[in-house]
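When we follow this note's numbering, the leftmost residue of the sequence shown carries the number 270, and every step to the right adds one.
For each residue, glycine too, the CB sits at the ideal point set by N, CA and C.
Every value quoted in this text rests on a predicted model; they were computed, and no experiment measured them.
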Amino acid sequence: MAKGSSQSGTVITLTGFASAGGPRSHLAVVGPRSLASMSSIASTERPGAKPSLRVNGTDHPISLDRDRSLLYVLREELGLTGTKYGCGEGECGACKVLVDGVAVRSCKTPVGEAVGRSIVTIEGLAQGDRLHPVQQAFIDAGAFQCGFCTPGMIMAAVSLLSRSPRPPEDEIRAAMDGNVCRCGGYLRIIDAVQKASSLSHGAGGTP
Ligand code: FES
Ligand code: FES
270 MAKGSSQSGT
280 VITLTGFASA
290 GGPRSHLAVV
300 GPRSLASMSS
310 IASTERPGAK
320 PSLRVNGTDH
330 PISLDRDRSL
340 LYVLREELGL
350 TGTKYGCGEG
360 ECGACKVLVD
370 GVAVRSCKTP
380 VGEAVGRSIV
390 TIEGLAQGDR
400 LHPVQQAFID
410 AGAFQCGFCT
420 PGMIMAAVSL
430 LSRSPRPPED
440 EIRAAMDGNV
450 CRCGGYLRII
460 DAVQKASSLS
470 HGAGGTP
């Protein structure tokens, strides 16, 4: 991954999903544009209400310091360490969680913007002993080595399948391109998303 600058944001050269299985590289612009898209998650907190965070179906009171990142609160205050801290700069996707069903980078999401929303982390996907179809597909496809990127990959895949239950490969590559796997397991990850798609038309639904 190489890095440079432009007026519209940081330009990062990724040899990820866009080039897996071929010689192409891919340019992704992150920074201002990514932050702008995240700001569309507006807070619905009522004035005067005590802030709490609804995570995996449970409400958790949080402090009034609303400038902390959602990732920090999930990991350090709620102990939900399945969501990973990778780059901390919105570039790797390791920290993705679902906010109202949409995968967002929690390292760049102020916790105040998540108040009043439904948050799902990797810990909230399984139903008791039964894995979510996307989790099962990642196991069946052997789509991980060290596993560090896997929670963010799975959340991105769940988000994709919730809006597009049978995505073609190009759509999978495009949707997952913001997620980096340092072990280079892109082809197996694509296979896992395809397996999840065929396991269940409703694979993308949050429990
Ligand atoms: Fe959030 Fe890398 S840790 S994008
Ligand atoms: Fe190691 Fe993706 S499996 S970073």
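Taking a contact to require three or more Cβ pairs closer than 8 angstroms, the region 447-462 and the region 402-410 qualify as touching.
Take the alpha-carbon of Leu394 and the one of Cys356: they are about 24 angstroms apart. Beta-bridge analysis with DSSP links Ile459 to no other residue. For Asn448, the CB contacts under 6 angstroms within the same chain, skipping 5 residues up- and downstream, are Gly362, Gly421, Met422, Ala425 in chain order. Short note on Arg451: C-beta closer than 7 angstroms to some heavy atom of ligand 2. Counting along the chain, Arg442 sits inside the alpha helix (DSSP H) bounded by residues 438-445. Beta-bridge analysis with DSSP links Pro330 to Ser321.
In the DSSP annotation of this structure, the continuous segment of the beta strand (DSSP E) that includes Leu367 starts and ends at 365-368.
By the neighbour-count criterion, in which a residue is buried when 16 or more other Cβ atoms sit within 10 angstroms of its Cβ, Pro437 is exposed. Annotated three-state conformation of Val389 is strand, per DSSP.
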